[in-house]
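Undergrad:
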Amino acid sequence: MAGGMLAASLAEQSLQIVLLDAAPAPQYPQGESALRVSALTETSESLLQRAQVWPLMPVARMQPYEQMEVRDGDGTGEVHFSAADANASHLGTLVENDAVVAALYQRCLSLTRVQWRNDCRVSAIARADDGWRIALSDGEVLKTRLLVGADGARSMVRSAAGLQAQSRDTGHVAIVATLTTELPHQRCARQAFLDSGPVALLPLYGDGHSCSLVWSLWPERAQQLMQLPGDGFARELTKATQSWLGEISLASERLAFPIHDLHAGNYVADGVALIGDAAHVVHPLAGQGINLGLLDAAVLAEEICRALAAGRQWHSLPLLQRYQRRRRGHNAMVVSAMRGFKVLFEQRSPVLRFVRNAGMSMVDRHHIFKGLLARQALGRFDDAPLG
Ligand SMILES: Cc1cc2nc3c(=O)[nH]c(=O)nc-3n(C[C@H](O)[C@H](O)[C@H](O)COP(=O)(O)OP(=O)(O)OC[C@H]3O[C@@H](n4cnc5c(N)ncnc54)[C@H](O)[C@@H]3O)c2cc1C
Numbered sequence: 066m067a068g069g070m071l072a073a074s075l076a077e078q079s080l081q082i083v084l085l086d087a088a089p090a091p092q093y094p095q096g097e098s099a100l101r102v103s104a105l106t107e108t109s110e111s112l113l114q115r116a117q118v119w120p121l122m123p124v125a126r127m128q129p130y131e132q133m134e135v136r137d138g139d140g141t142g143e144v145h146f147s148a149a150d151a152n153a154s155h156l157g158t159l160v161e162n163d164a165v166v167a168a169l170y171q172r173c174l175s176l177t178r179v180q181w182r183n184d185c186r187v188s189a190i191a192r193a194d195d196g197w198r199i200a201l202s203d204g205e206v207l208k209t210r211l212l213v214g215a216d217g218a219r220s221m222v223r224s225a226a227g228l229q230a231q232s233r234d235t236g237h238v239a240i241v242a243t244l245t246t247e248l249p250h251q252r253c254a255r256q257a258f259l260d261s262g263p264v265a266l267l268p269l270y271g272d273g274h275s276c277s278l279v280w281s282l283w284p285e286r287a288q289q290l291m292q293l294p295g296d297g298f299a300r301e302l303t304k305a306t307q308s309w310l311g312e313i314s315l316a317s318e319r320l321a322f323p324i325h326d327l328h329a330g331n332y333v334a335d336g337v338a339l340i341g342d343a344a345h346v347v348h349p350l351a352g353q354g355i356n357l358g359l360l361d362a363a364v365l366a367e368e369i370c371r372a373l374a375a376g377r378q379w380h381s382l383p384l385l386q387r388y389q390r391r392r393r394g395h396n397a398m399v400v401s402a403m404r405g406f407k408v409l410f411e412q413r414s415p416v417l418r419f420v421r422n423a424g425m426s427m428v429d430r431h432h433i434f435k436g437l438l439a440r441q442a443l444g445r446f447d448d449a450p451l452g
């Protein structure tokens, strides 16, 4: 997604862009909802609009949501806020990752200067006199002056460029699945902080009773739950969420992912830049991962466009450093905030729990705090690309 976004954002420029992806050619999802979904913020929506990608997204498989509800596991703290708190029409949109990639792909297919090559694995990367040499697994070798690593958490580009990243096991495993709920989701994204970790019920398109589950748990508990038959798992989830959406049943298989977070100390070096999960991986409890990645892509594209317009070198180190300055601080704040949230909600001390839950209830009573939360959910911040 991050790589496709960069290519689409540079559409109007005179650059030749080659996007190398080991995955097969993207296709719009069909049939049952895919398990990997993302909550795209308002900012991501406008970036995708500006890159002429949003109109290519499959509206029938997208679910805008107007409300968010966050609860403490024992039900004593609760915050509810809505798009209206920030004068917006919706807080975000739930969409399958495959739909986003397929829309980016369609946009790139229409651009003569972008070549999106699939089933194409990079096997080696080395510095050359004037940039980088990239060897593909079929033996072909490419040269480039600017190499952008949008190759995910285990980025080969990051290693080849010698960019160090600090990775931490969050101590959580995330279980994802599609659910059918007895009560309608009412276009509300819900999250409860249980003793074992956060559980999110995210509204999906359809008849209003379909949700995507992201349940982050300690590994032992995740393993127990994965071993249960589907109906036993659904009963445990209904109980854990205190029947928030009534009886829950499983509408898909379950997948479990160990969650490591990661942040690169530097995103750039001479002739190379990292974007998306190659630069940072955040705990999914914030639903921010790809939103940050799309912003990285848009900001890097903006810096390159400015340099081209001014006749400056478009791949120089100072330009790349400007990109890093605009993005790394913001991403670092989100990585740290997610680490802090996890610690805060794991507290067993009754005093700390009281203070935390009293804080949630206080926020829930004050419009100004709710407006701030809604702005965060929308992804509004001061250094977004200008357009
Ligand atoms: C359970 C879960 C729930 C999540 N929910 C949300 C959410 O609600 N909202 C949100 O914003 N984020 C969410 N995220 C995070 C989000 O999924 C990631 O941030 C996002 O997928 C990262 O996108 P990316 O394009 O940076 O990298 P990736 O999606 O990892 O893409 C990397 C690409 O590089 C290619 N590649 C890698 N190595 C090579 C190679 N050697 N040669 C060629 N190609 C290569 C791969 O084929 C792939 O296409 C969630 C994550 C998890 C685990």
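Convert by adding 65 to the 1-based position in the sequence shown; the result is the number in our numbering.
For glycine and all other residues, C-beta sits at the position ideal for the given N, C-alpha and C.
1) Do leucine 365 and leucine 105 have their C-beta atoms within less than 8 Å of each other?
2) From the DSSP output, in three-state form, read off tyrosine 130 for me.
3) Which class does glycine 204 belong to by DSSP, given the choice of helix, strand or coil?
4) Identify which residue in His145, Asp163, Ala67 has its Cα closest to the Cα of glycine 96.
5) Would you list the one or two residues that DSSP bridges to phenylalanine 298?
6) For alanine 168, collect the residues of the same chain with a Cβ closer than 6 Å to its Cβ; drop the 5 residues on either side in sequence, then sort them by chain order.
7) Alpha carbon to alpha carbon, how far is alanine 351 from valine 135? Give it in angstroms, no decimals.
8) Have a look at the DSSP bridge pairing and note the partners of aspartate 137.
9) Can you list, in chain order, the residues of its chain with a C-beta nearer than 6 Å to that of threonine 303? Leave out the 5 residues immediately preceding and following it.
10) Could you give the C-beta distance for alanine 362 and isoleucine 340, rounded to a whole number, given that I count them as a contact under 8 Å?
11) So if DSSP puts serine 277 in a beta bridge, which residue, or which two residues, is it bridged to?
12) Run through the DSSP bridge pairs and tell me what threonine 306 is partnered with.
13) If you reduce the DSSP assignment to three classes, tell me which class histidine 155 lands in.
14) Could you have a look at serine 381 and say whether DSSP puts it in helix, strand or coil?
15) Could you check whether the segment 210–228 touches the segment 191–198, counting it as contact only if at least three pairs of C-beta atoms, one from each stretch, sit closer than 8 Å?
TA: According to the structure data:
1) Their beta carbons are not under 8 Å apart, which means leucine 365 does not touch leucine 105 by this criterion.
2) DSSP, read as helix, strand or coil, puts tyrosine 130 in strand.
3) Secondary structure of glycine 204 (DSSP, three-state): coil.
4) Checked all of His145, Asp163, Ala67; the closest Cα to glycine 96 is Asp163.
5) Beta-bridge pairing links phenylalanine 298 to no other residue.
6) Here the set comprises Val118, Leu121, Met122.
7) Between the alpha carbons of valine 135 and alanine 351 lies a distance of about 12 Å.
8) BP columns for aspartate 137 point to Phe258.
9) Closer than 6 Å at the Cβ level, and outside the excluded window around threonine 303, lie Glu312, Ile313.
10) Confirmed, about 5 Å.
11) Answer by DSSP bridge pairing, in chain order: Thr243, Leu267.
12) Beta-bridge pairing links threonine 306 to no other residue.
13) Correct three-state label for histidine 155: coil.
14) Looking at serine 381 - three-state DSSP - the assignment turns out to be coil, as it is neither helix nor strand.
15) Pairwise C-beta distances place the segment 210–228 in contact with the segment 191–198, as three or more of them are shorter than 8 Å.
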